[in-house]
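Remarks on the structure that follows.
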Amino acid sequence: MAFESLTDKLQNVFKSLRSKGRLTEEDVKVALKEVKMALLEADVSFKVVKQFIGAVQERAVGEEVLNGLNPGQMVIKIVNEELVNLMGSEVTEITFQPGKSITVLMMCGLQGAGKTTHAAKLAARFAKKSRKTLLVACDIYRPAAIEQLRINAEKVGADFFSMGDKIGPVDIAKAGIEYAEKNGDTVVIIDTAGRLHIDEDMMAELQEIKQSVTVHQTLLVVDAMTGQDAVNVAQEFNEKIGLDGVILSKMDGDSRGGAALSVKAVTGKPILYVGMGEKMEDLDQFYPDRMASRILGMGDVLSLIEKAQETIDIDEETGKDMASRMRKGKFDFNDYLESMKQMKKMGGLGSILGMLPGLGIKGGDISSMVDDKQLAQTEAIILSMTPDERKNPKLLNPQRKHRIARGCGLDIAQVNRFIKQFEQSQKAMKQMQGMMGGKRGRNLFNGMGGMKFPF
Amino acid sequence: MFWNRKKKQEVSPEEASAEQIDEIREEAETAEVPCPVAEGQSAATEMQDAAEQEKQASNTAEEVAEEEPKQGFFARLAGGMTKTRDKLAGNLSNLFKENEIDEDFYEELEEILVMSDIGIRSTEEILDRLKENVKKEHIKERALCRELLIGSIREQMATSESDFSFEEDKSVILVVGVNGAGKTTTIGKLAYQFKNRGKKVLIAAADTFRAAAGDQLSAWASRAGVEMIGGKDGADPSSVIFDAAHRAQSRNIDILLCDTAGRLQNKKNLMAELHKMGTIAQKEYPGAHVEILLVLDATTGQNALSQAREFNEVTELTGIILTKMDGTAKGGIAIAIQSELGVPVKYIGVGEKIYDLQRFDADSFVRAMFEGEEA
Chain A
1 MAFESLTDKL QNVFKSLRSK GRLTEEDVKV ALKEVKMALL EADVSFKVVK
51 QFIGAVQERA VGEEVLNGLN PGQMVIKIVN EELVNLMGSE VTEITFQPGK
101 SITVLMMCGL QGAGKTTHAA KLAARFAKKS RKTLLVACDI YRPAAIEQLR
151 INAEKVGADF FSMGDKIGPV DIAKAGIEYA EKNGDTVVII DTAGRLHIDE
201 DMMAELQEIK QSVTVHQTLL VVDAMTGQDA VNVAQEFNEK IGLDGVILSK
251 MDGDSRGGAA LSVKAVTGKP ILYVGMGEKM EDLDQFYPDR MASRILGMGD
301 VLSLIEKAQE TIDIDEETGK DMASRMRKGK FDFNDYLESM KQMKKMGGLG
351 SILGMLPGLG IKGGDISSMV DDKQLAQTEA IILSMTPDER KNPKLLNPQR
401 KHRIARGCGL DIAQVNRFIK QFEQSQKAMK QMQGMMGGKR GRNLFNGMGG
451 MKFPF
Chain D
1 MFWNRKKKQE VSPEEASAEQ IDEIREEAET AEVPCPVAEG QSAATEMQDA
51 AEQEKQASNT AEEVAEEEPK QGFFARLAGG MTKTRDKLAG NLSNLFKENE
101 IDEDFYEELE EILVMSDIGI RSTEEILDRL KENVKKEHIK ERALCRELLI
151 GSIREQMATS ESDFSFEEDK SVILVVGVNG AGKTTTIGKL AYQFKNRGKK
201 VLIAAADTFR AAAGDQLSAW ASRAGVEMIG GKDGADPSSV IFDAAHRAQS
251 RNIDILLCDT AGRLQNKKNL MAELHKMGTI AQKEYPGAHV EILLVLDATT
301 GQNALSQARE FNEVTELTGI ILTKMDGTAK GGIAIAIQSE LGVPVKYIGV
351 GEKIYDLQRF DADSFVRAMF EGEEA
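Those protein sequence lines, which keep their order, are chains A and D.
Residues in the first sequence are numbered consecutively from 1, following our numbering.
Residues in the second sequence are numbered consecutively from 1, following our numbering.
Structural data, given as structure tokens:
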């Protein structure tokens, strides 16, 4: 996974530069170099990256480094804010014509972007809002495209209109809208053939459709995996046809989706939806903040920067207390449970460990060992213990363990494994006592820095 | 489609007959018409060995004139890539005007390479190698440096005859890739080519998932004039391949082409399904060579690397088909894939017509990317 790379790199870069008051030009430069790489690896257009980095640089130099963050994290925080800004800070929806008037949408894009599939997904979405949708098949070129749309229309319970592949798309579109009027549909979605943005004739066809029928929303479907070419495509479609919104398809893949940023940057048009799978209900709202962190390649880590700040403040007391108990080796299941809760608040252990100053390097391996299901199971095990057992782990005998296993619905072996791990980490903590004295034990998170948790 | 429609306006008499050879020639000729890049290029070209230039040009002309789709396709590819190339070559020829090889020069090269989707990491590797060689060979001129760069990419991307030996063997070809890459279309084109060379071809329609995928493929099969075996929608795709392999065996089929459903590489179950299909393809037609080709949309960015990795993991890819090369995308990511996984690009798709597929040729590919005219 490429996800850990940026965090790790930044940790390394800033190892020697911890906790300065304000971001210096040098800090920003070093950090932004890594950000630039990350954005390019995410397929954000080279030119967009250049502009973006310039803008961030200007803003970041001289900013105060927030308490608890290192300069690298601070830069990332700023980068993220700017990314979200650029992507449109609000969630958008398609606007419909008032009352019973028909809203006409037209899908366009390159071949294989997912137009036909997304036309049907939109219809499914509108059906939920009890809007009767008509799908109009204007892809007369690709073999079986009409059939594909027909089958999908049936699946989502939308109406379907086609005139075969011998009649021009413009006439089909016109007839389709007339049909919708009679048929009582309030949304018409025109599915068009995939085309290259440099194919003049085919682009002219879309212009003609728009000239002969009223299209309220022209939607460009863009494959989330698109590379540097995304800017050319979006720009051409926007200039020649005029776009109103963008649908980002195939977001259920593992691409970082930098195309989203490029397309938004060159067209200024909102990204409305993201396609998250092959099923007809796999269409999601677009959330700029989620997209920003995906492009940066840091998952939820970003939101953690802010959350960590709050949580550390609130739980400082608990943290201090626990850290001191840890130092004394008096770590019981209650503490374990408590620390797990804190983890959850902040979006999982892996991401937290990744964010800890000086520990980021290990974050990658640890997060791969942790999964949420296992955390839930661990929690169930502890919650199936009596208060006494939680306080005094030594009480646990086979009989009690069997009871716990029944209580949490897990296998006895799983319970045993967890308890064994717990004992090991207790031992490890005792051994760590010396190392954890003094300043390093300042709060829970630093305290945990040196040890391996058996989650 | 793009090409054909364009042609339709210019040469309407030929339209109905769809005589492709003529059409291709026509296109080849059109592509000969000098495009604006030529002027921008001249400065750089002058520096090259003039004799060789001439030889090359005449060779190209000869080949184009007397035959055969091959050059036509690259002319076509070149034509399709004109915009791209204009930009790229424009950038490059500007670059090479000033002659000093300095950091600015390398930075501009970096920009050009990154914008071709080669990826920042591969770009840096390529440039590091270039810098080393420039030093070693005491190169002082930008034009020579550029030749060196082209040469090194070409060398890396070169295919050998053995990469295509499966075409002459009995083969099972499994065509895999993510959704919308162009697998079904590519199968149609491959079937047409093999059929035209007198091979006995059978198509297995193992995409039983996507709505109307079977219909789409059977349209291609009838265009190509080959037989197709399908399964019901929702049938187990492995069973389709199983049946097809047995049919192929009993009829002594030369090339069995298997279409598969598009799948994103991070879908564990679908990838496992593909693994099974690969195993069956391997087992059920004993003695046949198994060729597994990844279809890659040339507009894809860095994710293509992850695609290649994951597909390679479950099926051991033997080659890549780069589709949609007639757009403005450069398909540079194939270079990164080659350097990481060693999987060569074997074919490229340059349009929507049944003959718009050609063997990948590293030289033409790189030249077409970097240069204006002589591709």
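The beta carbon of each residue, even a glycine, is placed where N, CA and C say it ideally should be.
Closer than 8 angstroms by C-beta to residue i: which residues in its own chain qualify, once you throw out the five before and the five after it? Chain order, please.
i	result
GLY278 of chain D	LEU174, VAL290, ILE292, VAL314, THR315 and GLU316
GLU125 of chain D	SER339
GLU423 of chain A	PRO393
Buried or exposed: which applies to residue i, given that a residue is buried once 16 or more other Cβ atoms fall within 10 Å of its Cβ?
i	result
ILE321 of chain D	buried
THR386 of chain A	exposed
GLY253 of chain A	buried
GLY164 of chain A	exposed
GLN399 of chain A	exposed
SER45 of chain A	buried
LYS189 of chain D	buried
ASP139 of chain A	buried
LYS269 of chain A	buried
HIS197 of chain A	buried
LEU305 of chain D	buried
ILE167 of chain A	exposed
ASP411 of chain A	exposed
THR95 of chain A	exposed
LYS283 of chain D	exposed
Might you give, ordered along the chain, the residues of its own chain that have their beta carbon closer than 6 angstroms to the beta carbon of residue i, omitting 5 neighbours on each side?
i	result
ILE139 of chain D	CYS145
GLU64 of chain A	ARG22
PHE126 of chain A	THR133 and VAL187
GLY119 of chain D	GLN302 and ALA336
Among the options, whose alpha-carbon lies nearest the alpha-carbon of residue i?
i	options	result
THR123 of chain D	D:GLN302, D:GLY319 and D:VAL350	D:GLN302
PHE242 of chain D	D:LYS268, D:ALA211 and D:PRO286	D:PRO286
ASN392 of chain A	A:LYS36, A:PRO169, A:SER212 and A:ASP335	A:ASP335
GLY99 of chain A	A:GLU205, A:THR186 and A:ALA120	A:THR186
LEU39 of chain A	A:GLY88, A:GLY257 and A:GLY184	A:GLY257
VAL366 of chain D	D:GLU108, D:GLY177 and D:SER116	D:SER116
ALA383 of chain A	A:GLY176, A:MET106, A:GLU423 and A:PHE333	According to the sequence provided, residue 383 of chain A is Leu. The question's Ala does not apply to it. Nearest C-alpha to LEU383 of chain A: A:PHE333.
PHE360 of chain D	D:LYS346, D:THR185, D:SER239 and D:ILE354	D:LYS346
PRO143 of chain A	D:GLY230, D:ARG142 and D:THR184	D:THR184
GLY245 of chain A	A:ALA124, A:GLY109 and A:GLU208	A:GLY109
THR318 of chain D	D:ILE354, D:GLU103 and D:PHE164	D:PHE164
ILE101 of chain D	D:VAL114, D:GLU132, D:GLY119 and D:ARG121	D:GLU132
ALA265 of chain A	A:ALA60, A:GLY88 and A:LYS155	A:GLY88
THR267 of chain A	A:LYS279, A:PHE286, A:LYS240 and A:ASP284	A:LYS240
GLN228 of chain A	D:VAL226, D:LYS353 and D:ILE333	D:ILE333
ALA288 of chain D	D:TRP220, D:GLU227 and D:GLU168	D:GLU168
PHE370 of chain D	D:ILE337, D:PRO344, D:GLY331 and D:ILE354	D:GLY331
SER262 of chain A	A:GLY409, A:VAL231, A:VAL28 and A:ILE146	A:VAL231
LYS279 of chain A	A:VAL30, A:LYS36, A:VAL188 and A:ALA120	A:ALA120
THR378 of chain A	A:LEU86, A:GLY112, A:VAL215 and A:GLU338	A:GLU338
GLY231 of chain D	D:ARG223, D:ALA213 and D:VAL176	D:ALA213
VAL114 of chain D	A:LYS36, A:HIS402, A:ASP27 and A:GLY72	A:LYS36
ASP363 of chain D	D:GLU147, D:SER222 and D:LEU341	D:GLU147
PHE237 of chain A	A:LEU206, A:LYS47 and A:ARG150	A:LEU206
GLU178 of chain A	A:TYR287, A:ARG195, A:VAL104 and A:VAL49	A:VAL104
PHE331 of chain A	A:SER293, A:ALA428 and A:ALA376	A:ALA428
Apart from the five residues on each side of it in sequence, which residues of its chain come closer than 7 angstroms, Cβ to Cβ, to residue i?
i	result
GLY434 of chain A	The predicted position of GLY434 of chain A is uncertain, since its pLDDT is 48 and thus under 50; a value taken from the coordinates is nonetheless stated next. The answer is none, since no qualifying residue turns up.
LEU32 of chain A	ILE53, VAL56, GLN57 and VAL75
ILE381 of chain A	ILE404, CYS408, LEU410, VAL415 and PHE418
How would you list, in chain order, the residues of chain B whose beta-carbon sits under 8 angstroms from the beta-carbon of residue i?
i	result
LYS324 of chain D	The question asks about chain B, but that chain is absent: this structure's protein chains are A and D.
Counting beta carbon pairs with one atom in the stretch 191 to 204 of chain D and one in the stretch 319 to 337 of chain D, are three or more of them shorter than 8 angstroms? no
Validate contact between the stretch 262 to 269 of chain D and the stretch 149 to 159 of chain D using beta carbons, cut 8 angstroms, 3 pairs: no
Just checking, does the stretch 272 to 290 of chain A make contact with the stretch 48 to 65 of chain A on the three C-beta pairs under 8 angstroms criterion? no
Length at least 3, wholly inside the stretch 145 to 193 of chain A: the beta strand (DSSP E) runs in chain order: 159 to 161 and 187 to 192
Can you list, in chain order, the stretches of the beta strand (DSSP E) that have 3 or more residues and sit fully within the stretch 317 to 341 of chain D? 319 to 323
Jot down the residue ranges of each uninterrupted beta strand (DSSP E) in the stretch 223 to 262 of chain A, minimum 3 residues, whole runs only, in chain order. 245 to 249
Any chance the stretch 127 to 137 of chain D sits against the stretch 232 to 239 of chain D, with 3 or more Cβ pairs inside 8 angstroms? no
Counting Cβ pairs closer than 8 angstroms, one from the stretch 76 to 83 of chain A and one from the stretch 201 to 214 of chain A, do we hit at least three? no
Quick one: which unbroken alpha helix (DSSP H) runs of 4-plus residues sit fully inside the stretch 81 to 132 of chain A? Chain order, please. 115 to 128
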